[in-house]
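See below for the structure under consideration.
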Amino acid sequence: MPQRAAATKKMELYSRRREMYRLHIAELQISEIIERLSVKYRVSKRVLWEDWQKRSQWVYDVFDLEPAQAPRST
Numbered sequence: 099m100p101q102r103a104a105a106t107k108k109m110e111l112y113s114r115r116r117e118m119y120r121l122h123i124a125e126l127q128i129s130e131i132i133e134r135l136s137v138k139y140r141v142s143k144r145v146l147w148e149d150w151q152k153r154s155q156w157v158y159d160v161f162d163l164e165p166a167q168a169p170r171s172t
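Right under this line is the structure:
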């Protein structure tokens, strides 16, 4: 797969994941979120559900965040 196609696919994946998380924060039911995004992004519901189950692995990258760290004791 050419680099440009891989970059485009990654951008779409991150966009989908950001939207999924934002809809969750907006208090939509995960079943409704998966239904919407399945149609919008032409992705199977199973893929979306599995992605949601693994969100702790991708949420920081998708939102360009760093996990919080406990303060160091002196």
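Numbering (my numbering), first residue to last: 99 to 172. Backbone N, C-alpha and C fix where the C-beta goes; we use that ideal spot for every residue, glycine too.
Next item on the list: With Gln-101 as the anchor, note down where its alpha helix (DSSP H) starts and where it stops.
Entry: 101-123
Next item on the list: Find out if the Cβ-Cβ distance for the pair Ile-132, Leu-146 is shorter than 7 Å.
Entry: yes
Notebook entry, point to check: Taking the C-alpha atoms as reference points, what is the distance between Pro-169 and Asp-162?
Noted result: 21 Å
Checklist line | Three-way DSSP call (helix, strand, coil) for Arg-140 in this model | finding: coil
Notebook entry, point to check: Would you call the stretch 149-161 and the stretch 103-119 in contact, with 3 or more CB pairs under 8 Å?
Noted result: yes
Notebook entry, point to check: So what's Ser-171 in DSSP terms, helix, strand or just coil?
Noted result: coil
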